[in-house]
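Remarks on the structure that follows.
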Amino acid sequence: MNSENAPSPQVAETHTGSSQDIEDFIYLISHDVRASVRALLELPHWIVEDLEEAGVKVEGSVAASIELMNRHTGRLDRMLVDLLTFSRVGRMQEVRSNILPLVIEQVLEEIQLPAGFKVIKNLECEAIVMGDRDILTLFDALIRNALKHHDKRSGQIVVSSAVQGGEAVLSVADDGPGIPLEYRENVFGAMRTLRPRDEVEGSGMGLTNVRKIAALYGGTAHVTDSPYGRGTLAEVRLPLTGLV
C-alpha cells in the first residue's frame with residue numbers, strides 16, 4: 004500500500020474536564036521540576052571539578068556516592084521526560100499523513116541500535132494519518148521496550164504494519180524472553196516495570212504512553228507471544244475511516 008492509499012485512524016475525542024486539568028497539571032509540574040533536576044544533574048560534576056582543582060582526588064566511598072547520585076538523578080529526569088510525553092499525547096502537533104518507513108528510520112536514528120541487533124521492516128501499510136509526535140512516540144516506545152528487556156547481546160526486532168479487517172495494525176516483535184501471561188496487562192500500568200530498575204533502567208511509562216495513544220485514536224494495544232518463536236509481540240490496532 005502506498006502513501007496515497009493509506010489508512011486514516013479515527014481520532015477519538017480529546018479528554019475534557021478534570022482529566023484534561025490533570026494532564027495540564029502533569030505537564031506544568033514535570034516541565035518546571037525538570038529544570039531543577041537538570042541543574043542537579045550538573046551539580047556533582049561541578050563539585051568534582053572544584054575538588055580536583057583544589058588538589059583533592061575523588062575516590063572510594065565519595066566517588067561511589069556521587070555515582071549513585073548521578074544514577075538516581077538521571078532516573079528522575081527520564082521519568083519527568085516520560086511524564087511530559089504522557090501529557091502531550093494528542094496535543095501540540097500536526098495531524099497528517101506519516102510515511103512509516105521514514106518514521107521508523109527517524110526512531111532508529113534516535114535510539115542508535117546496539118551492535119548485535121537488527122531491525123526487519125515489514126511495512127505493508129506505508130502511511131497513516133496521526134499526530135506526527137504520537138506516531139514517533141508509539142514506535143519509539145515499542146522498539147525501546149523490545150531492546151531494553153532483551154536477555155541477549157544480539158537479537159532481531161520485526162517492525163510491521165498492515166491493514167486487517169478494517170483496522171491498521173502496527174506491531175513490534177522481538178526474540179527476547181517474552182512476558183508471562185499473568186503480567187501482560189500489568190506492563191501497561193503507569194510507572195510499572197517487571198524487573199527492578201537497578202537491573203533495567205526505565206520509568207515504566209513507555210507502554211503506558213502506547214496504550215494512551217492507541218485509545219486516543221479509538222484503538223487498542225496489547226502484548227502476546229511473538230509469532231517468530233520466542234519473544235513478545237506488541238500490537239496496536241487502530242480503526243480505519245477511509246483512505247488518504
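Here this note's numbering = 1-based position in the sequence shown + 3.
Every residue, glycine too, gets a C-beta built ideally from N, C-alpha and C.
For clarity, every value in this text was computed on a predicted model and none was experimentally measured.
Determine the closest residue to residue i out of the options, with distance taken between C-alpha atoms.
i: residue 163; options: 185, 117, 43, 240; result: 240
i: residue 104; options: 118, 125, 85; result: 125
i: residue 90; options: 127, 183, 47, 29; result: 29
i: residue 160; options: 73, 142, 166; result: 142
i: residue 214; options: 235, 122, 188, 55; result: 188
i: residue 98; options: 60, 119, 135, 235; result: 135
i: residue 176; options: 112, 168, 158; result: 158
i: residue 185; options: 228, 155, 166; result: 228
i: residue 123; options: 155, 132, 174, 226; result: 174
i: residue 108; options: 146, 235, 71, 62; result: 146
i: residue 49; options: 36, 69, 37, 39; result: 69
i: residue 224; options: 172, 196, 231; result: 172
i: residue 151; options: 165, 67, 115; result: 115
i: residue 47; options: 31, 112, 67, 216; result: 67
i: residue 156; options: 35, 117, 110, 58; result: 117
i: residue 95; options: 183, 27, 37; result: 27
i: residue 167; options: 54, 238, 37; result: 238
Excluding sequence positions up to five away, which residues of its chain have a Cβ less than 7 Å from the Cβ of residue i?
i: residue 233; result: 178, 181
i: residue 6; result: Since pLDDT at residue 6 reaches only 45, below the 50 mark, its modelled position is unreliable, and no value is offered.
i: residue 210; result: 144, 148, 190, 191
i: residue 17; result: Bear in mind that the predicted position of residue 17 carries a pLDDT of just 46, short of 50, making it unreliable; the figure below should be weighed with that in mind. Correct list, in chain order: 93.
i: residue 206; result: 81, 82, 85, 194
i: residue 133; result: 12, 98, 101, 220
i: residue 154; result: 179, 180
So the beta strand (DSSP E) residue i belongs to, where does it begin and stop?
i: residue 196; result: Residue 196 -> no beta strand (DSSP E), and no H or E assigned at all.
i: residue 124; result: 120 to 126
i: residue 171; result: 170 to 177
i: residue 224; result: 223 to 228
i: residue 101; result: 98 to 102
Once DSSP output is grouped into helix, strand and coil, what is the label at residue i?
i: residue 115; result: coil
i: residue 182; result: coil
i: residue 34; result: helix
i: residue 242; result: strand
i: residue 166; result: strand
i: residue 110; result: helix
i: residue 42; result: helix
i: residue 59; result: coil
i: residue 5; result: Its pLDDT being 49, under 50, residue 5 is placed unreliably by the model, and nothing is read from it.
i: residue 237; result: strand
i: residue 232; result: coil
i: residue 47; result: helix
Specify, as a first and last residue, the run of the alpha helix (DSSP H) that residue i falls within.
i: residue 90; result: 63 to 91
i: residue 212; result: 209 to 219
Which same chain residues, not among the five before or five after residue i, have their C-beta less than 6 Å away from its C-beta?
i: residue 87; result: 33
i: residue 41; result: none
i: residue 165; result: 127, 128, 172
i: residue 51; result: 61
By Cβ distance below 8 Å, which residues in the same chain neighbour residue i in space, the five residues on each side in sequence not counted?
i: residue 106; result: 138, 139, 142
i: residue 44; result: 73, 76, 77, 80
i: residue 230; result: 176, 236
i: residue 111; result: 122, 146
Counting only runs that start and end within the stretch 130 to 155, where is the beta strand (DSSP E) found for 3 or more residues in a row?
130 to 134
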